[in-house]
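Residue numbers (UniProt numbering): 1 to 507.
Just so it is clear, CB atoms sit at the ideal spot from N, CA and C, and this is done for glycine as well.
Because the structure is a prediction, the values reported are computed rather than measured.
Written out below as structure tokens is the structure these notes cover.
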Amino acid sequence: HAQWNIPRLLFFNPLTNRCPLRGNGKPPWSLVNFVVCQLFALLTAFWFRLYLHPSKTSPFVRHVVATLLGFYFALFCFGWYALHFLVQSGLTYGIMILTGVEHMHKYCLVVALGYLSFCQITRVYVFDYGMYSADFTGPMMVITQKITSLAFEIHDGKKLIFFKPDTECIYTQQKYNCNMRMPSLLEYFSYNCNFMGILAGPTSSYNDYIAFIEGTPCRRSKDHQTNGKTNGRHKQTDPSPNIEVVRKLATCFFSLMVFLSVCKVFPVERNIDDDFIATTPFYAQVVYLYLSMLTTRPKYYFVWTLADAINNAAGFGFNGYNSDGSPRWDLISNLRIMDIEFATSFKMFLDNWNIQTAHWLKRVCYERCPYNPTAATFILSAMWHGAYPGYYLTFLTGIVVTLAARAMRHNVRPYFLGSPSHKLLYDGITWAGTQIAICYTVVPFVLLSVGPSMKFYRSWYFSVHIGCVLLAVALPVKPRHLRFRDQQRCTHTETSTKDCRDCPTHY
Numbered sequence: 001h002a003q004w005n006i007p008r009l010l011f012f013n014p015l016t017n018r019c020p021l022r023g024n025g026k027p028p029w030s031l032v033n034f035v036v037c038q039l040f041a042l043l044t045a046f047w048f049r050l051y052l053h054p055s056k057t058s059p060f061v062r063h064v065v066a067t068l069l070g071f072y073f074a075l076f077c078f079g080w081y082a083l084h085f086l087v088q089s090g091l092t093y094g095i096m097i098l099t100g101v102e103h104m105h106k107y108c109l110v111v112a113l114g115y116l117s118f119c120q121i122t123r124v125y126v127f128d129y130g131m132y133s134a135d136f137t138g139p140m141m142v143i144t145q146k147i148t149s150l151a152f153e154i155h156d157g158k159k160l161i162f163f164k165p166d167t168e169c170i171y172t173q174q175k176y177n178c179n180m181r182m183p184s185l186l187e188y189f190s191y192n193c194n195f196m197g198i199l200a201g202p203t204s205s206y207n208d209y210i211a212f213i214e215g216t217p218c219r220r221s222k223d224h225q226t227n228g229k230t231n232g233r234h235k236q237t238d239p240s241p242n243i244e245v246v247r248k249l250a251t252c253f254f255s256l257m258v259f260l261s262v263c264k265v266f267p268v269e270r271n272i273d274d275d276f277i278a279t280t281p282f283y284a285q286v287v288y289l290y291l292s293m294l295t296t297r298p299k300y301y302f303v304w305t306l307a308d309a310i311n312n313a314a315g316f317g318f319n320g321y322n323s324d325g326s327p328r329w330d331l332i333s334n335l336r337i338m339d340i341e342f343a344t345s346f347k348m349f350l351d352n353w354n355i356q357t358a359h360w361l362k363r364v365c366y367e368r369c370p371y372n373p374t375a376a377t378f379i380l381s382a383m384w385h386g387a388y389p390g391y392y393l394t395f396l397t398g399i400v401v402t403l404a405a406r407a408m409r410h411n412v413r414p415y416f417l418g419s420p421s422h423k424l425l426y427d428g429i430t431w432a433g434t435q436i437a438i439c440y441t442v443v444p445f446v447l448l449s450v451g452p453s454m455k456f457y458r459s460w461y462f463s464v465h466i467g468c469v470l471l472a473v474a475l476p477v478k479p480r481h482l483r484f485r486d487q488q489r490c491t492h493t494e495t496s497t498k499d500c501r502d503c504p505t506h507y
């Protein structure tokens, strides 16, 4: 195994669904360990909430238990590779302590992302090409998000103290997440390596995590009311998550059954099969592409929903109350399945897929990059995902698709908002266009290698690439600062994307 596999970068053939480094192609034990650990973490989360509740024990004990359990799960799944989690966190904590606040966030981003990339490159091209399930760099991706998020939050907090509040245009979400103090070493490792999120995340704000550990009321819930009373009281801000956990576990079970029963019926690799391309009409290829990519999503639904359920079972993720008084448990949710499957724009799909990663990219890159923030954000996302060239092909394609979708929405959509029938027609057309564009974009993400990915794009004559470039060039779009000004005028809140979806100024 200790050999460089750079030639596989171009010539790996996924049609065989096997790799010399994969042995006989059977599911790796690490994947079994991952599922077992997550199920055990779910049971542990209930115990953590009931017997180590903030009203019964101190934050110190909760930090220690959460950290030790997290590291134990990491050792069980990945062996001594789990030491990379401690090394990455330790290096960046030292940077935060030794460097000044003005540049600390930049150093942490470079070091954390660089260490992650080093581990991804060595794993891919030295040891296990193609083994992208349950590898030790997966948790490191989430830890990288947490490390950099906290560094930026501390930077923003100090900036609010020492500089004028309007310096560098601090966004509302940045003001909400800003942190005024350095965490202790125990708090830092607890935030990065707690048992609830060590294996699959999701990422959360440091302030939200500390509020959960210390048992302080959720700050977001202060704006919500139920039964005419504010949520400032402990009894109202500590509802039972049992019903929500059961609902999410049912979603996990259904997603897993769909994936296991349907994914082999529509393999993605068939999209680049020579006989399939030669004998299948183009419209049938489009339908098959949609079905093949549709059946790959349930595995992500399973992993992310289970991770969300584990955090909820521990009492983490409460986000206030709905207007009817029911509790919301979506503070750190990573996806909204119905909004994904019925997305009517490229942005709507991205806003509801891997939500916490999208928030991280927005906070550390898009809102701060002075030039070409869209391209910079997609490139950072590709670097964060890993060393497979298919990731870069996907996110480079995503740049042109995003620019074209933004231009279309800005110039065409206002003409269809006059009547419900026109709006329904527009939504139907844009749903079909969005699903095709998403499937076309993410095929390299699944195939991983350059050769198969380019073969697929050639079979489509690069039609989506060409069309998106033409649309982006031909249709004018407001500059970024003008779009931001229009969004500031919008009366909807940042988190209420459903209510704001039909607002002409919101994209």
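Within its own chain, the residues whose Cβ lies closer than 8 Å to the Cβ of C193, once the five positions on either side in sequence are excluded, are T67, G70, F71, A74, F85, L86, S89 and I143, listed in chain order. At a Cβ-Cβ threshold of 7 Å, I399 and A375 count as neighbours. Shown here for C37: same chain residues with a beta carbon closer than 7 Å to its own, the five before and five after excluded, namely F73, F76, C77 and L199 in chain order. For Y371, the secondary structure class from DSSP, reduced to helix, strand or coil, is coil. Remark: C-beta atoms of S333 and Y301 do not approach each other more closely than 7 Å. Between the alpha carbons of L361 and N322 lies a gap of roughly 28 Å. Taking C-beta atoms under 8 Å as the contact rule, I272 and P452 qualify, at a distance of about 5 Å. M408 is classed as buried because its beta carbon has at least 16 other beta carbons within 10 Å across all chains shown. Looking at the DSSP output, L335 sits in a beta bridge with W353. Under the Cβ criterion (8 Å, minimum of three pairs), the segment 182-190 counts as touching the segment 54-65.
In chain order, T295 place their CB closer than 6 Å to the CB of C263, counting only its own chain and leaving out the 5 sequence neighbours on each side.
Remark: three or more beta-carbon pairs, one from each stretch, lie closer than 8 Å, so the segment 136-150 and the segment 101-116 are flagged as touching. Per DSSP, reduced to three states, the secondary structure at Y392 is helical. Secondary-structure assignment with DSSP links Y321 through a beta bridge to P327.
A direct Cα-Cα distance of roughly 10 Å separates T216 from Y209. In this chain, W460 is not harboured by any alpha helix (DSSP H), its DSSP state being neither H nor E. The beta carbon of W304 sits closer than 6 Å to those of N334 and L335, all from its chain and outside the five residues before and after it, given in chain order.
For a cut-off of 8 Å, the C-beta gap from T377 to Y392 is around 14 Å, too long to register as a contact. Distance check between Y290 and each of N311, H410, F266 and C108 places F266 closest, using alpha-carbon atoms only. Residue R49 holds the alpha-carbon nearest to the alpha-carbon of F195 among Q356, P476, A358 and R49. Our two residues, L448 and G418, have alpha carbons roughly 44 Å apart in a direct line.
N207: member of the alpha helix (DSSP H) spanning Y206 to E214, first to last residue.
For the pair Q356 and P241, the CB atoms are not nearer than the 7 Å cut-off.
If you draw a straight line from the Cα of T397 to the Cα of C468, it is about 9 Å long. Here N312 carries a helix assignment [DSSP, helix/strand/coil].
The segment 234-298 is shown to contain no whole beta strand (DSSP E) run of 3 or more residues.
Membership of K423 in the alpha helix (DSSP H) is indicated by the continuous run P420 to L447.
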